[in-house]
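Trainee: One point on numbering: in our numbering, the residue at position 9 of the sequence shown is 9, and numbering is uninterrupted. The beta carbon of each residue, even a glycine, is placed where N, CA and C say it ideally should be. No experiment lies behind these values; they were computed from the predicted model shown. Below: one structure in structure tokens.
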Amino acid sequence: MPDWIHGLPLWTAKIGAGIFFLSILVIAWIMPLEFVFHGAPDRARWRDLRIWATILVAVQCILYYIF
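The structure is reproduced here in structure tokens:
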């Protein structure tokens, strides 16, 4: 790794991870509904992959905040 990376504070890595997780959420929420519910027999709320992605990213962000 380049030497300048080792000189960065830890909060820069946390911000980078937060931006990465936020970009995952943005991509998940701009997907068309036909793609989100592809192969699902109905459009029940619990089958919405965007909601599941949001829950999982929220858990990851909480873990990053704690540790």
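1. By DSSP, does residue 17 sit in helix, in strand, or in coil?
2. With a threshold of 7 Å on Cβ separation, who are the neighbours of residue 48 within its own chain once the five nearest residues in sequence on each side are excluded?
3. Going by Cα to Cα distance, which pick from 50, 60, 67, 62 is closest to residue 31?
4. Could you tell me which of 18, 38, 54, 16 sits nearest to residue 25, measuring between CA atoms?
5. Check for me: the alpha helix (DSSP H) holding residue 45 runs from which residue to which?
Mentor: Quick look at the numbers:
1. helix
2. 36
3. 50
4. 54
5. Careful: residue 45 lies outside any alpha helix (DSSP H) and carries neither H nor E.
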